[in-house]
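Numbering (this note's numbering), first residue to last: -11 to 434. Quick reminder that beta carbons are idealized off the backbone N, C-alpha and C, glycines included. Predicted model, so just to flag it, every value in this text is computed and none were measured.
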(Lines of atoms letter the chains of each structure in order from A and count residues from 1; the text may use other names and numbers.)
(Lines give C-alpha, C1' and ligand atoms only; values in the text may rest on other atoms or scores of the structure.)
Protein backbone atom coordinates (compact mmCIF):
# COMPACT_ATOMS: atom_id res chain seq x y z
CA UNK A 1 0.00 0.00 0.00
CA UNK A 2 1.28 3.48 -0.90
CA UNK A 3 1.64 5.68 2.15
CA UNK A 4 2.21 9.34 2.89
CA UNK A 5 5.93 9.98 3.43
CA UNK A 6 7.30 11.35 6.67
CA UNK A 7 7.59 15.12 6.74
CA UNK A 8 9.55 17.87 8.43
CA UNK A 9 8.65 21.53 8.75
CA UNK A 10 11.57 22.56 6.53
CA UNK A 11 11.56 19.74 3.98
CA UNK A 12 11.18 20.35 0.27
CA UNK A 13 7.76 21.08 -1.15
CA UNK A 14 6.45 17.81 -2.60
CA UNK A 15 5.81 17.48 -6.30
CA UNK A 16 2.88 15.55 -7.72
CA UNK A 17 3.92 12.39 -9.58
CA UNK A 18 3.65 12.44 -13.35
CA UNK A 19 0.08 11.74 -14.51
CA UNK A 20 -0.80 8.37 -15.94
CA UNK A 21 -3.92 9.51 -17.78
CA UNK A 22 -5.95 6.97 -15.80
CA UNK A 23 -8.58 8.52 -13.53
CA UNK A 24 -8.24 6.20 -10.53
CA UNK A 25 -4.45 6.16 -10.54
CA UNK A 26 -4.18 9.91 -10.92
CA UNK A 27 -6.74 10.47 -8.16
CA UNK A 28 -4.81 8.21 -5.79
CA UNK A 29 -1.64 10.18 -6.52
CA UNK A 30 -3.47 13.46 -5.92
CA UNK A 31 -5.00 12.22 -2.66
CA UNK A 32 -1.57 11.24 -1.31
CA UNK A 33 -0.04 14.49 -2.51
CA UNK A 34 -2.71 16.52 -0.72
CA UNK A 35 -2.37 14.44 2.45
CA UNK A 36 1.38 15.09 2.40
CA UNK A 37 0.99 18.85 2.01
CA UNK A 38 -1.74 18.84 4.69
CA UNK A 39 0.74 17.37 7.13
CA UNK A 40 3.38 19.92 6.19
CA UNK A 41 0.94 22.79 6.64
CA UNK A 42 -0.09 21.33 9.98
CA UNK A 43 3.47 21.73 11.25
CA UNK A 44 3.32 25.48 10.73
CA UNK A 45 1.73 27.93 13.19
CA UNK A 46 -1.59 29.56 12.26
CA UNK A 47 -1.36 32.20 9.55
CA UNK A 48 -1.26 35.31 11.78
CA UNK A 49 1.57 33.82 13.89
CA UNK A 50 3.90 32.91 11.00
CA UNK A 51 7.18 34.67 10.41
CA UNK A 52 8.24 35.59 6.90
CA UNK A 53 9.95 32.28 6.16
CA UNK A 54 6.98 30.29 7.45
CA UNK A 55 4.56 32.42 5.40
CA UNK A 56 6.63 31.80 2.27
CA UNK A 57 6.68 28.08 2.97
CA UNK A 58 2.91 28.00 3.46
CA UNK A 59 2.45 29.87 0.18
CA UNK A 60 4.67 27.34 -1.61
CA UNK A 61 2.69 24.45 -0.14
CA UNK A 62 -0.60 26.00 -1.22
CA UNK A 63 0.80 26.56 -4.70
CA UNK A 64 1.80 22.88 -4.88
CA UNK A 65 -1.66 21.78 -3.76
CA UNK A 66 -3.48 24.03 -6.20
CA UNK A 67 -1.22 23.02 -9.04
CA UNK A 68 -1.89 19.36 -8.27
CA UNK A 69 -5.64 19.88 -8.17
CA UNK A 70 -5.59 21.99 -11.31
CA UNK A 71 -3.52 19.45 -13.24
CA UNK A 72 -5.77 16.57 -12.21
CA UNK A 73 -8.92 18.46 -13.15
CA UNK A 74 -7.43 19.65 -16.44
CA UNK A 75 -7.37 15.99 -17.46
CA UNK A 76 -10.28 14.55 -15.53
CA UNK A 77 -12.90 17.26 -14.77
CA UNK A 78 -15.62 15.68 -16.96
CA UNK A 79 -15.20 12.27 -15.33
CA UNK A 80 -14.98 13.78 -11.84
CA UNK A 81 -18.29 15.55 -12.45
CA UNK A 82 -19.83 12.30 -13.66
CA UNK A 83 -18.79 10.65 -10.39
CA UNK A 84 -20.14 13.51 -8.27
CA UNK A 85 -23.51 13.66 -10.07
CA UNK A 86 -24.04 9.94 -10.71
CA UNK A 87 -23.57 10.35 -14.41
CA UNK A 88 -25.42 13.69 -14.48
CA UNK A 89 -28.58 12.01 -13.24
CA UNK A 90 -28.59 14.03 -9.99
CA UNK A 91 -28.57 17.82 -9.87
CA UNK A 92 -26.20 19.03 -7.18
CA UNK A 93 -25.86 22.70 -6.31
CA UNK A 94 -22.49 24.19 -5.47
CA UNK A 95 -22.32 23.31 -1.73
CA UNK A 96 -23.51 19.77 -2.40
CA UNK A 97 -20.85 19.29 -5.08
CA UNK A 98 -18.21 20.24 -2.52
CA UNK A 99 -19.62 17.79 0.04
CA UNK A 100 -19.76 15.01 -2.54
CA UNK A 101 -16.18 15.69 -3.59
CA UNK A 102 -15.01 15.56 0.02
CA UNK A 103 -16.60 12.12 0.40
CA UNK A 104 -16.26 10.49 -3.02
CA UNK A 105 -13.00 12.02 -4.27
CA UNK A 106 -10.98 12.96 -1.17
CA UNK A 107 -8.20 15.40 -1.88
CA UNK A 108 -10.00 17.04 -4.77
CA UNK A 109 -11.26 19.88 -2.54
CA UNK A 110 -10.45 21.03 1.00
CA UNK A 111 -11.97 19.00 3.82
CA UNK A 112 -15.06 20.10 5.73
CA UNK A 113 -12.87 20.70 8.79
CA UNK A 114 -10.48 22.93 6.84
CA UNK A 115 -13.31 25.03 5.44
CA UNK A 116 -15.01 25.26 8.84
CA UNK A 117 -11.78 26.42 10.48
CA UNK A 118 -11.35 29.13 7.87
CA UNK A 119 -14.99 30.15 8.31
CA UNK A 120 -14.31 30.86 11.99
CA UNK A 121 -11.57 33.40 11.22
CA UNK A 122 -11.45 36.92 9.85
CA UNK A 123 -10.51 37.07 6.18
CA UNK A 124 -6.87 38.06 6.76
CA UNK A 125 -6.31 35.13 9.15
CA UNK A 126 -7.77 32.39 6.96
CA UNK A 127 -5.62 29.75 5.32
CA UNK A 128 -7.36 30.48 2.02
CA UNK A 129 -8.87 27.08 1.26
CA UNK A 130 -11.62 28.75 -0.77
CA UNK A 131 -9.03 29.48 -3.46
CA UNK A 132 -8.91 25.71 -4.02
CA UNK A 133 -12.69 25.75 -4.47
CA UNK A 134 -12.12 28.29 -7.21
CA UNK A 135 -9.77 25.84 -8.93
CA UNK A 136 -12.42 23.13 -8.58
CA UNK A 137 -15.40 25.08 -9.88
CA UNK A 138 -13.38 26.79 -12.59
CA UNK A 139 -12.35 23.41 -13.99
CA UNK A 140 -15.91 22.07 -13.91
CA UNK A 141 -17.22 25.15 -15.70
CA UNK A 142 -14.49 24.91 -18.37
CA UNK A 143 -15.78 21.45 -19.27
CA UNK A 144 -18.70 21.84 -21.66
CA UNK A 145 -20.78 18.87 -20.43
CA UNK A 146 -20.06 19.50 -16.75
CA UNK A 147 -20.29 23.28 -16.95
CA UNK A 148 -23.56 23.37 -18.85
CA UNK A 149 -25.12 20.81 -16.51
CA UNK A 150 -23.99 22.84 -13.49
CA UNK A 151 -25.35 26.11 -14.92
CA UNK A 152 -28.68 24.41 -15.63
CA UNK A 153 -28.73 22.93 -12.13
CA UNK A 154 -28.30 26.36 -10.57
CA UNK A 155 -31.17 27.70 -12.70
CA UNK A 156 -33.56 25.31 -10.94
CA UNK A 157 -35.48 26.53 -7.87
CA UNK A 158 -33.36 26.70 -4.74
CA UNK A 159 -34.09 24.32 -1.86
CA UNK A 160 -37.10 25.57 0.07
CA UNK A 161 -38.49 27.87 -2.61
CA UNK A 162 -41.33 25.55 -3.59
CA UNK A 163 -42.20 25.09 0.09
CA UNK A 164 -43.05 28.81 0.29
CA UNK A 165 -44.96 28.95 -2.98
CA UNK A 166 -48.26 27.92 -1.38
CA UNK A 167 -48.04 30.75 1.17
CA UNK A 168 -47.21 33.22 -1.57
CA UNK A 169 -50.21 32.14 -3.63
CA UNK A 170 -52.53 32.32 -0.62
CA UNK A 171 -51.35 35.58 0.93
CA UNK A 172 -49.61 37.38 -1.97
CA UNK A 173 -46.66 38.11 0.29
CA UNK A 174 -43.68 36.29 1.78
CA UNK A 175 -41.46 38.09 4.27
CA UNK A 176 -37.93 36.74 4.54
CA UNK A 177 -35.20 37.99 6.87
CA UNK A 178 -33.78 40.56 4.45
CA UNK A 179 -36.23 40.58 1.52
CA UNK A 180 -39.98 40.87 1.03
CA UNK A 181 -41.76 39.65 -2.09
CA UNK A 182 -45.30 40.96 -2.54
CA UNK A 183 -47.70 40.57 -5.47
CA UNK A 184 -49.63 43.56 -6.77
CA UNK A 185 -51.71 42.54 -9.77
CA UNK A 186 -49.40 41.08 -12.42
CA UNK A 187 -46.21 42.21 -10.65
CA UNK A 188 -44.09 40.65 -7.90
CA UNK A 189 -42.36 43.43 -5.99
CA UNK A 190 -39.08 42.23 -4.46
CA UNK A 191 -37.88 44.69 -1.82
CA UNK A 192 -34.46 44.60 -0.15
CA UNK A 193 -34.80 45.04 3.64
CA UNK A 194 -31.22 45.01 4.89
CA UNK A 195 -31.56 48.54 6.16
CA UNK A 196 -28.83 48.49 8.81
CA UNK A 197 -26.17 48.28 6.07
CA UNK A 198 -27.70 50.34 3.24
CA UNK A 199 -29.24 47.19 1.75
CA UNK A 200 -25.78 45.74 1.17
CA UNK A 201 -25.56 42.11 0.11
CA UNK A 202 -24.51 39.48 2.64
CA UNK A 203 -24.89 35.71 2.78
CA UNK A 204 -28.43 35.94 4.17
CA UNK A 205 -29.63 38.43 1.57
CA UNK A 206 -28.22 36.32 -1.29
CA UNK A 207 -30.18 33.29 -0.07
CA UNK A 208 -33.34 35.35 0.47
CA UNK A 209 -33.06 36.96 -2.95
CA UNK A 210 -32.90 33.60 -4.66
CA UNK A 211 -36.03 32.47 -2.84
CA UNK A 212 -37.84 35.69 -3.75
CA UNK A 213 -36.83 35.49 -7.41
CA UNK A 214 -37.88 31.83 -7.51
CA UNK A 215 -41.32 32.71 -6.14
CA UNK A 216 -41.81 35.46 -8.71
CA UNK A 217 -40.81 33.12 -11.53
CA UNK A 218 -42.79 30.13 -10.25
CA UNK A 219 -46.10 31.91 -9.66
CA UNK A 220 -48.08 31.82 -12.90
CA UNK A 221 -50.04 34.95 -11.85
CA UNK A 222 -46.87 37.04 -11.94
CA UNK A 223 -45.93 38.46 -15.33
CA UNK A 224 -43.35 41.07 -14.29
CA UNK A 225 -40.84 41.30 -11.45
CA UNK A 226 -39.84 44.55 -9.73
CA UNK A 227 -36.64 45.12 -7.73
CA UNK A 228 -36.45 48.02 -5.27
CA UNK A 229 -34.64 48.89 -2.06
CA UNK A 230 -36.51 49.59 1.15
CA UNK A 231 -35.88 52.32 3.75
CA UNK A 232 -32.55 52.19 5.60
CA UNK A 233 -31.23 53.16 9.04
CA UNK A 234 -27.97 54.88 8.07
CA UNK A 235 -27.88 58.44 9.52
CA UNK A 236 -27.26 60.03 6.13
CA UNK A 237 -30.19 58.22 4.51
CA UNK A 238 -32.35 57.43 7.54
CA UNK A 239 -35.90 56.59 6.54
CA UNK A 240 -35.12 56.93 2.83
CA UNK A 241 -35.15 54.18 0.28
CA UNK A 242 -31.79 52.94 -1.01
CA UNK A 243 -31.44 50.43 -3.83
CA UNK A 244 -28.22 48.65 -2.81
CA UNK A 245 -24.72 49.36 -1.52
CA UNK A 246 -23.32 46.16 -3.05
CA UNK A 247 -21.26 43.61 -1.15
CA UNK A 248 -21.06 44.10 2.61
CA UNK A 249 -17.34 44.84 2.92
CA UNK A 250 -17.46 44.72 6.71
CA UNK A 251 -18.66 41.13 6.45
CA UNK A 252 -15.89 40.42 3.95
CA UNK A 253 -13.31 41.73 6.42
CA UNK A 254 -14.83 39.60 9.18
CA UNK A 255 -14.65 36.45 7.07
CA UNK A 256 -18.45 36.21 6.79
CA UNK A 257 -18.77 36.33 2.99
CA UNK A 258 -18.95 32.83 1.53
CA UNK A 259 -17.18 32.17 -1.74
CA UNK A 260 -19.47 29.25 -2.60
CA UNK A 261 -22.82 30.61 -1.41
CA UNK A 262 -22.29 34.29 -2.16
CA UNK A 263 -19.52 35.12 -4.61
CA UNK A 264 -20.11 32.23 -7.02
CA UNK A 265 -23.58 31.15 -5.94
CA UNK A 266 -24.97 34.64 -6.51
CA UNK A 267 -23.85 34.72 -10.14
CA UNK A 268 -25.04 31.20 -10.93
CA UNK A 269 -28.15 31.60 -8.79
CA UNK A 270 -30.52 34.52 -8.51
CA UNK A 271 -28.69 36.93 -10.83
CA UNK A 272 -28.52 34.33 -13.58
CA UNK A 273 -32.22 33.58 -13.05
CA UNK A 274 -33.03 37.25 -13.54
CA UNK A 275 -31.17 37.13 -16.85
CA UNK A 276 -31.93 33.64 -18.13
CA UNK A 277 -35.09 32.56 -16.38
CA UNK A 278 -35.93 29.53 -14.29
CA UNK A 279 -35.63 25.86 -15.19
CA UNK A 280 -37.90 23.24 -13.65
CA UNK A 281 -38.40 19.52 -14.28
CA UNK A 282 -41.41 20.57 -16.38
CA UNK A 283 -39.36 22.77 -18.73
CA UNK A 284 -39.78 21.18 -22.12
CA UNK A 285 -39.77 21.97 -25.79
CA UNK A 286 -40.73 25.64 -25.28
CA UNK A 287 -37.26 26.63 -24.02
CA UNK A 288 -35.61 29.16 -24.14
CA UNK A 289 -38.73 31.22 -23.38
CA UNK A 290 -39.78 28.90 -20.54
CA UNK A 291 -39.13 30.42 -17.14
CA UNK A 292 -38.39 33.93 -18.44
CA UNK A 293 -40.15 37.01 -17.08
CA UNK A 294 -39.31 40.68 -17.58
CA UNK A 295 -37.88 42.67 -14.66
CA UNK A 296 -37.97 46.32 -13.64
CA UNK A 297 -35.43 47.95 -11.31
CA UNK A 298 -36.42 51.12 -9.45
CA UNK A 299 -33.35 52.90 -8.08
CA UNK A 300 -33.67 55.23 -5.13
CA UNK A 301 -30.49 57.01 -3.93
CA UNK A 302 -27.87 54.72 -5.49
CA UNK A 303 -27.01 51.34 -6.94
CA UNK A 304 -23.40 50.52 -6.07
CA UNK A 305 -21.42 47.40 -6.97
CA UNK A 306 -23.73 44.42 -6.89
CA UNK A 307 -26.66 46.81 -7.00
CA UNK A 308 -25.53 48.22 -10.34
CA UNK A 309 -24.84 44.69 -11.60
CA UNK A 310 -28.56 43.98 -11.26
CA UNK A 311 -29.36 46.88 -13.59
CA UNK A 312 -27.44 45.08 -16.34
CA UNK A 313 -29.81 42.08 -16.39
CA UNK A 314 -33.21 43.75 -16.04
CA UNK A 315 -35.44 45.05 -18.83
CA UNK A 316 -36.33 48.51 -17.54
CA UNK A 317 -34.30 50.72 -15.20
CA UNK A 318 -36.05 53.64 -13.53
CA UNK A 319 -34.25 56.06 -11.24
CA UNK A 320 -35.15 58.87 -8.90
CA UNK A 321 -33.59 62.24 -9.63
CA UNK A 322 -30.19 62.46 -7.97
CA UNK A 323 -29.56 58.71 -7.95
CA UNK A 324 -26.21 57.38 -9.11
CA UNK A 325 -24.75 54.08 -10.28
CA UNK A 326 -21.21 52.72 -9.84
CA UNK A 327 -19.10 49.58 -10.04
CA UNK A 328 -16.17 50.42 -7.74
CA UNK A 329 -14.13 47.37 -8.70
CA UNK A 330 -10.84 49.25 -8.66
CA UNK A 331 -11.50 50.52 -5.14
CA UNK A 332 -12.85 47.28 -3.67
CA UNK A 333 -10.24 45.12 -5.37
CA UNK A 334 -12.59 42.31 -6.38
CA UNK A 335 -14.28 41.43 -9.65
CA UNK A 336 -17.80 42.91 -9.94
CA UNK A 337 -19.56 39.66 -10.73
CA UNK A 338 -20.50 39.48 -14.38
CA UNK A 339 -20.39 43.25 -14.69
CA UNK A 340 -17.28 43.04 -16.88
CA UNK A 341 -19.19 40.81 -19.30
CA UNK A 342 -22.42 42.77 -19.35
CA UNK A 343 -21.55 46.45 -18.99
CA UNK A 344 -19.67 46.78 -22.29
CA UNK A 345 -22.71 45.49 -24.14
CA UNK A 346 -24.74 48.43 -22.85
CA UNK A 347 -22.21 51.25 -22.74
CA UNK A 348 -19.43 50.39 -25.16
CA UNK A 349 -15.83 49.69 -24.25
CA UNK A 350 -14.64 53.23 -23.42
CA UNK A 351 -17.32 54.06 -20.87
CA UNK A 352 -17.17 50.55 -19.39
CA UNK A 353 -13.45 50.98 -18.74
CA UNK A 354 -14.03 54.35 -17.11
CA UNK A 355 -16.61 52.80 -14.79
CA UNK A 356 -14.76 49.55 -14.04
CA UNK A 357 -11.11 50.61 -14.03
CA UNK A 358 -11.33 54.22 -12.88
CA UNK A 359 -14.43 54.19 -10.68
CA UNK A 360 -16.49 56.69 -12.68
CA UNK A 361 -19.96 57.24 -11.25
CA UNK A 362 -22.93 57.61 -13.56
CA UNK A 363 -25.52 60.07 -12.25
CA UNK A 364 -29.10 59.73 -13.38
CA UNK A 365 -29.86 62.28 -16.07
CA UNK A 366 -26.23 63.03 -16.92
CA UNK A 367 -24.45 62.05 -20.15
CA UNK A 368 -23.66 58.35 -20.28
CA UNK A 369 -26.15 57.34 -17.60
CA UNK A 370 -28.91 56.90 -20.17
CA UNK A 371 -27.05 53.80 -21.39
CA UNK A 372 -27.93 51.98 -18.16
CA UNK A 373 -31.04 53.91 -17.06
CA UNK A 374 -34.21 54.22 -19.14
CA UNK A 375 -36.09 56.94 -17.27
CA UNK A 376 -35.41 59.49 -14.54
CA UNK A 377 -38.31 60.86 -12.49
CA UNK A 378 -38.79 62.82 -9.25
CA UNK A 379 -38.50 60.52 -6.25
CA UNK A 380 -42.16 60.93 -5.35
CA UNK A 381 -43.19 59.74 -8.81
CA UNK A 382 -41.01 56.64 -8.97
CA UNK A 383 -43.81 54.30 -7.90
CA UNK A 384 -46.04 55.64 -10.67
CA UNK A 385 -43.25 55.06 -13.18
CA UNK A 386 -42.94 51.48 -11.93
CA UNK A 387 -46.66 50.90 -12.47
CA UNK A 388 -46.41 52.19 -16.05
CA UNK A 389 -43.42 49.98 -16.79
CA UNK A 390 -45.20 46.93 -15.38
CA UNK A 391 -48.23 47.60 -17.58
CA UNK A 392 -46.02 47.80 -20.68
CA UNK A 393 -43.93 44.72 -19.90
CA UNK A 394 -46.92 42.55 -18.97
CA UNK A 395 -47.84 42.25 -22.67
CA UNK A 396 -47.92 38.59 -23.79
CA UNK A 397 -45.22 38.87 -26.48
CA UNK A 398 -42.64 40.37 -24.11
CA UNK A 399 -41.53 37.05 -22.62
CA UNK A 400 -40.66 35.39 -25.92
CA UNK A 401 -38.87 38.45 -27.28
CA UNK A 402 -36.99 38.97 -24.04
CA UNK A 403 -35.79 35.36 -24.13
CA UNK A 404 -34.54 35.72 -27.68
CA UNK A 405 -32.80 39.02 -26.88
CA UNK A 406 -31.01 37.36 -23.98
CA UNK A 407 -30.01 34.43 -26.16
CA UNK A 408 -28.53 36.80 -28.74
CA UNK A 409 -26.79 39.04 -26.21
CA UNK A 410 -25.42 36.39 -23.86
CA UNK A 411 -25.02 32.98 -25.53
CA UNK A 412 -24.48 30.04 -23.18
CA UNK A 413 -20.90 29.40 -24.29
CA UNK A 414 -19.96 33.03 -23.68
CA UNK A 415 -21.56 32.87 -20.25
CA UNK A 416 -19.90 29.56 -19.36
CA UNK A 417 -16.45 30.69 -20.49
CA UNK A 418 -16.68 33.86 -18.43
CA UNK A 419 -17.95 32.04 -15.35
CA UNK A 420 -15.10 29.53 -15.55
CA UNK A 421 -12.48 32.26 -15.37
CA UNK A 422 -14.46 34.33 -12.87
CA UNK A 423 -14.64 31.35 -10.49
CA UNK A 424 -10.84 31.24 -10.27
CA UNK A 425 -10.05 34.96 -10.38
CA UNK A 426 -12.60 35.95 -7.73
CA UNK A 427 -11.36 33.24 -5.36
CA UNK A 428 -7.83 34.63 -5.72
CA UNK A 429 -8.91 38.25 -5.33
CA UNK A 430 -10.69 37.82 -1.99
CA UNK A 431 -7.39 36.58 -0.51
CA UNK A 432 -5.07 39.00 -2.33
CA UNK A 433 -2.92 41.23 -0.09
CA UNK A 434 -4.34 44.49 -1.45
CA UNK A 435 -7.94 43.45 -0.73
CA UNK A 436 -7.09 42.13 2.73
CA UNK A 437 -5.19 45.31 3.57
CA UNK A 438 -7.98 47.55 2.27
CA UNK A 439 -10.84 45.91 4.19
CA UNK A 440 -8.70 45.56 7.32
CA UNK A 441 -7.82 49.27 7.37
CA UNK A 442 -11.38 50.37 6.69
CA UNK A 443 -13.41 47.94 8.78
CA UNK A 444 -11.19 46.70 11.62
CA UNK A 445 -12.29 47.83 15.06
CA UNK A 446 -9.73 48.85 17.73
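Beta-bridge analysis with DSSP links residue 363 to 306. Per DSSP, residue 213 is one residue of the beta strand (DSSP E) stretching across 212 to 217.
When the alpha-carbon of residue 25 is set against those of 175, 54, 10, 381, the nearest one is in 54.
Beta-bridge partners assigned by DSSP to residue 172: 175.
The beta carbon of residue 142 sits closer than 8 Å to those of 81, 82, 253, 256, 257, 260, all from its chain and outside the five residues before and after it, given in chain order. Around the beta carbon of residue 269, fewer than 16 other beta carbons lie within 10 angstroms, which makes this residue exposed. Residue 392 sits exposed, since fewer than 16 C-beta atoms from the chains shown fall within 10 Å of its C-beta. With respect to residue 234, residue 293 sits close: the two C-beta atoms are nearer than 7 Å. Residue 355 and residue 365 have their C-alpha atoms spaced approximately 16 Å apart. Burial check for residue 77: the Cβ neighbour count within 10 Å stays below 16, so the residue is exposed. The Cβ atoms of residue 188 and residue 136 lie no closer than 7 Å to each other. If you look at residue 284, you'll find it in the beta strand (DSSP E) that goes 283 to 287. Nearest to residue 165 by C-alpha distance, out of 177, 200, 139, is 200. Per DSSP, residue 108 lies in no beta strand (DSSP E) and is assigned neither H nor E. Within the same chain, and ignoring the five residues on either side of residue 149 in sequence, the residues whose Cβ sits closer than 6 Å to its Cβ are 199, 202. Beta-bridge pairing by DSSP links residue 290 to 312. Close CB contacts of residue 318 within its chain, under the 8 Å cut and outside five residues either way in sequence, are with 344, 345, 346, 347 (chain order). Membership of residue 163 in any alpha helix (DSSP H) is not indicated; the residue belongs instead to the beta strand (DSSP E) covering 161 to 163. Between residue 267 and residue 308, the gap from beta carbon to beta carbon reaches 7 Å or more. Only residues of its own chain outside the window of five on either side were considered, and among them 66 have a CB closer than 7 Å to the CB of residue 133, listed in chain order.
Rounded to whole angstroms, the separation of the alpha carbons of residue 285 and residue 418 is 28 Å. In this structure, residue 89 places its C-beta atom within 7 Å of the C-beta atom of residue 72.
Here residue 231 carries a coil assignment [DSSP, helix/strand/coil].
According to DSSP, residue 351 shares a beta bridge with 312.
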